[in-house]
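Sequence lines, in order, name chains V and Y.
Sequential numbering from 0 applies to the first sequence in numbering that gives the first Met the number 0.
Sequential numbering from 0 applies to the second sequence in numbering that gives the first Met the number 0.
Every residue gets a Cβ at the ideal spot worked out from N, C-alpha and C, and that includes glycine.
Computed from a predicted model, the values in this text were never measured in an experiment.
The structure under discussion appears below in the form of structure tokens.
Protein chains: 2
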Amino acid sequence: MDKIGRYEFLAEPFHCDYSGRLFMGHLGNHMLNAADFHSTARGFGMKYLMTIQRAWVLSRLAIEVVDMPKMYDKFTIETRVESAMKYFTNRNFKVVGDDGRVKAWGRSVWAMIDTETRHPEDIYAIDNGAINNWIVKEYDCPIEKCGRVAVSDGVQLIKKIDTTYSDVDINGHINSVKYIEHVLDLWSIDWYKQHKLKRFEIAYVAEAHQGDKLSFYREQLGELEYYVRIVRSDGTETCRSKVVFEEIEIEN
Amino acid sequence: MDKIGRYEFLAEPFHCDYSGRLFMGHLGNHMLNAADFHSTARGFGMKYLMTIQRAWVLSRLAIEVVDMPKMYDKFTIETRVESAMKYFTNRNFKVVGDDGRVKAWGRSVWAMIDTETRHPEDIYAIDNGAINNWIVKEYDCPIEKCGRVAVSDGVQLIKKIDTTYSDVDINGHINSVKYIEHVLDLWSIDWYKQHKLKRFEIAYVAEAHQGDKLSFYREQLGELEYYVRIVRSDGTETCRSKVVFEEIEIEN
Numbered sequence: 000m001d002k003i004g005r006y007e008f009l010a011e012p013f014h015c016d017y018s019g020r021l022f023m024g025h026l027g028n029h030m031l032n033a034a035d036f037h038s039t040a041r042g043f044g045m046k047y048l049m050t051i052q053r054a055w056v057l058s059r060l061a062i063e064v065v066d067m068p069k070m071y072d073k074f075t076i077e078t079r080v081e082s083a084m085k086y087f088t089n090r091n092f093k094v095v096g097d098d099g100r101v102k103a104w105g106r107s108v109w110a111m112i113d114t115e116t117r118h119p120e121d122i123y124a125i126d127n128g129a130i131n132n133w134i135v136k137e138y139d140c141p142i143e144k145c146g147r148v149a150v151s152d153g154v155q156l157i158k159k160i161d162t163t164y165s166d167v168d169i170n171g172h173i174n175s176v177k178y179i180e181h182v183l184d185l186w187s188i189d190w191y192k193q194h195k196l197k198r199f200e201i202a203y204v205a206e207a208h209q210g211d212k213l214s215f216y217r218e219q220l221g222e223l224e225y226y227v228r229i230v231r232s233d234g235t236e237t238c239r240s241k242v243v244f245e246e247i248e249i250e251n
Numbered sequence: 000m001d002k003i004g005r006y007e008f009l010a011e012p013f014h015c016d017y018s019g020r021l022f023m024g025h026l027g028n029h030m031l032n033a034a035d036f037h038s039t040a041r042g043f044g045m046k047y048l049m050t051i052q053r054a055w056v057l058s059r060l061a062i063e064v065v066d067m068p069k070m071y072d073k074f075t076i077e078t079r080v081e082s083a084m085k086y087f088t089n090r091n092f093k094v095v096g097d098d099g100r101v102k103a104w105g106r107s108v109w110a111m112i113d114t115e116t117r118h119p120e121d122i123y124a125i126d127n128g129a130i131n132n133w134i135v136k137e138y139d140c141p142i143e144k145c146g147r148v149a150v151s152d153g154v155q156l157i158k159k160i161d162t163t164y165s166d167v168d169i170n171g172h173i174n175s176v177k178y179i180e181h182v183l184d185l186w187s188i189d190w191y192k193q194h195k196l197k198r199f200e201i202a203y204v205a206e207a208h209q210g211d212k213l214s215f216y217r218e219q220l221g222e223l224e225y226y227v228r229i230v231r232s233d234g235t236e237t238c239r240s241k242v243v244f245e246e247i248e249i250e251n
């Protein structure tokens with residue numbers, strides 16, 4: 000079996016924004032699905048891990064957009080494991096359009112946990128370090144790694160939301176994809192009419208649960224660069240995100 | 000070509016709720032995709048209609064759940080045109096699991112509009128009434144038609160939300176699938192732990208736009224039957240919905 004997995008997706012109409020481009024949250028969802036299909040086909044997917052009381056937990060996700068797929072565009076997501084350490088593995092993504100052009104790049108970091116204790120577990124302990132068989136080092140991924148964002152005192156509370164039924168996943172946690180949607184909803188459509196997303200990055204720090212109120216703090220880091228911090232009801236930080244826009248060139 | 004279209008879908012992990020069952024909004028989205036694939040393959044899809052200044056507009060959708068697909072379940076959505084009149088067409092759906100069992104049924108009503116005037120247009124004017132070639136009368140759909148829900152004075156305002164970037168579709172309208180999500184978010188997870196959705200019905204009455212505040216009014220019609228009315232900022236009703244639950248039998 001090929002070490003790299005390739006999966007086809009469609010930019011569905013109701014998954015596209017006011018401009019007819021795929022929402023970033025849905026692109027992220029497709030990447031997470033590609034990761035799942037890839038690992039399942041190679042014997043280390045979620046379904047198998049559940050049988051041995053283990054699970055993959057997404058720790059970080061970074062996506063850079065070259066040309067976001069448009070409504071009805073077909074595209075392929077390629078994914079491979081770039082490296083694995085005892086407690087973390089790096090997985091990359093390449094989104095390629097039907098025309099062969101790259102539409103986006105992605106990087107992700109995953110931990111493996113014991114589903115009972117919720118503690119990190121040794122990835123190499125699975126099937127005698129079988130993950131090593133799937134590592135592909137020679138592969139292009141020209142975007143920056145998920146970085147650490149330093150928190151300053153400049154963050155300001157700009158929104159509070161109640162979490163609802165549709166925010167919660169099977170673990171009783173706020174759905175990783177919904178966080179992406181909530182972060183990007185901090186900007187208005189008028190903003191998106193003048194700015195497009197260039198890079199979106201999120202680090203999942205601690206889980207929020209049903210019933211938590213989420214507070215969104217935002218700080219401007221550069222001209223079109225923002226830092227967003229999400230804090231749950233008890234004051235614990237759940238996510239931090241960095242969002243980089245670029246101005247849309249108006250065609251005459 | 001077969002008059003009935005059949006399309007395969009997967010209950011993706013991030014599309015499932017706290018109980019590991021597919022969210023109703025995502026099932027609705029899959030049905031609308033099936034409708035789109037079916038009509039496109041048969042020459043009366045959105046992409047073709049756009050070239051002649053026409054578009055399908057979803058007027059009503061009703062879904063009854065038999066056994067909502069679980070995470071990672073594959074299922075097929077069958078769809079056919081049941082009937083067509085000058086201004087409306089009825090399209091039905093049958094959701095079938097990998098095991099051959101019916102998981103859900105759906106009914107929908109669509110109008111065709113002129114995309115410039117936004118007025119209803121004669122469906123039979125398209126390609127000399129070609130829609131008639133695709134009508135399948137002999138086909139099971141054992142659920143009630145989309146009904147008219149009488150509004151009483153018993154409705155109470157229970158929630159107001161600001162619409163955001165992720166609520167808005169390419170037409171600048173609130174996304175039909177997002178309405179389903181917002182309506183079902185009126186109930187808490189604690190409610191869903193004791194009640195499952197049996198029937199969901201929505202009528203799209205008028206469009207809401209970016210920036211509109213949506214007010215949700217609710218009235219209890221029967222023991223487990225609710226009416227929900229959504230009103231936009233200027234007081235115009237945008238949607239009305241009927242939601243029927245059933246108690247979850249607790250297994251000992």
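Look at residue i and residue j and say whether their C-beta atoms are less than 7 Å apart.
i                      : j                      : result
residue 67 of chain Y  : residue 20 of chain Y  : yes
residue 164 of chain Y : residue 238 of chain Y : no
residue 28 of chain Y  : residue 13 of chain V  : yes
residue 134 of chain V : residue 77 of chain V  : no
residue 158 of chain Y : residue 199 of chain Y : no
residue 102 of chain V : residue 9 of chain V   : no
residue 52 of chain Y  : residue 126 of chain Y : no
residue 176 of chain V : residue 24 of chain V  : yes
residue 248 of chain Y : residue 194 of chain Y : no
residue 88 of chain Y  : residue 5 of chain Y   : no
residue 154 of chain V : residue 90 of chain V  : no
Which residue's Cα is closest to the Cα of residue i: the options?
i                      : options                       : result
residue 173 of chain V : V:149, V:215 and V:205        : V:205
residue 254 of chain V : V:231, V:219 and V:184        : Residue 254 of chain V falls outside the range modelled here, since chain V spans only 0 to 251, and no answer is possible.
residue 95 of chain V  : V:87, V:105 and V:89          : V:105
residue 137 of chain V : V:99, V:146, V:155 and V:82   : V:82
residue 147 of chain Y : Y:176, Y:203 and Y:7          : Y:203
residue 236 of chain V : V:247, V:243, V:242 and V:213 : V:213
residue 180 of chain Y : Y:219, Y:196 and Y:125        : Y:196
residue 30 of chain Y  : V:249, V:40, V:11 and V:186   : V:11
residue 171 of chain Y : V:152, V:219 and V:189        : V:189
residue 150 of chain V : V:6, V:98 and V:240           : V:240
residue 145 of chain Y : Y:44, Y:107 and Y:160         : Y:107
residue 186 of chain Y : Y:219, Y:32 and Y:152         : Y:219
residue 69 of chain Y  : Y:92, Y:97, Y:93 and Y:152    : Y:97
residue 270 of chain V : V:111, V:141, V:208 and V:143 : Limits of chain V in this structure are 0 at one end and 251 at the other, which puts residue 270 of chain V out of reach.
residue 141 of chain Y : Y:93, Y:207, Y:26 and Y:22    : Y:93
Quick check: what's the CA-CA separation for residue i versus residue j?
i                      : j                      : result
residue 128 of chain Y : residue 122 of chain Y : 7 Å
residue 234 of chain Y : residue 217 of chain Y : 15 Å
residue 182 of chain V : residue 85 of chain Y  : 44 Å
residue 79 of chain Y  : residue 42 of chain Y  : 14 Å
residue 46 of chain V  : residue 54 of chain V  : 9 Å
residue 139 of chain Y : residue 58 of chain Y  : 22 Å
residue 100 of chain V : residue 109 of chain V : 27 Å
residue 191 of chain Y : residue 168 of chain V : 13 Å
residue 124 of chain V : residue 44 of chain V  : 15 Å
residue 1 of chain V   : residue 7 of chain V   : 16 Å
residue 291 of chain Y : residue 201 of chain Y : Since the first and last residues shown for chain Y are 0 and 251, residue 291 of chain Y lies out of range.
residue 71 of chain Y  : residue 32 of chain V  : 11 Å
residue 156 of chain V : residue 184 of chain V : 14 Å
residue 160 of chain Y : residue 160 of chain V : 10 Å
residue 143 of chain V : residue 26 of chain Y  : 36 Å
residue 207 of chain V : residue 22 of chain V  : 23 Å
residue 152 of chain Y : residue 152 of chain V : 51 Å
The segment 59 to 79 of chain Y contacting the segment 117 to 124 of chain Y, beta-carbon criterion three pairs below 8 Å: no
Cβ pair count under 8 Å reaching 3, the segment 149 to 169 of chain V against the segment 9 to 29 of chain Y: yes
Contact list for the segment 27 to 50 of chain V against chain Y, Cβ threshold 8 Å: 28, 31, 32, 35, 45 and 46
Contact residues within the segment 62 to 96 of chain Y, judged by C-beta distance below 8 Å to chain V: 70 and 71
Interface residues of the segment 203 to 218 of chain V facing chain Y [CB-CB below 8 Å]: 209 and 210
Any 3 or more C-beta pairs closer than 8 Å across the segment 213 to 226 of chain V and the segment 34 to 44 of chain Y: no
Contact residues within the segment 117 to 135 of chain Y, judged by C-beta distance below 7 Å to chain V: none
Within 7 Å of chain Y by C-beta, residues of the segment 190 to 202 of chain V in sequence order: 191
Interfacial residues, the segment 174 to 191 of chain V to chain Y, with Cβ spacing under 9 Å: 174, 175, 176, 177, 180, 181, 183, 184, 185, 186, 187, 188, 189, 190 and 191
Against chain V: residues of the segment 144 to 165 of chain Y by CB proximity under 7 Å: 163, 164 and 165
Chain Y contacts made by the segment 3 to 15 of chain V, where a contact means CB separation under 7 Å: 11, 12, 13 and 15
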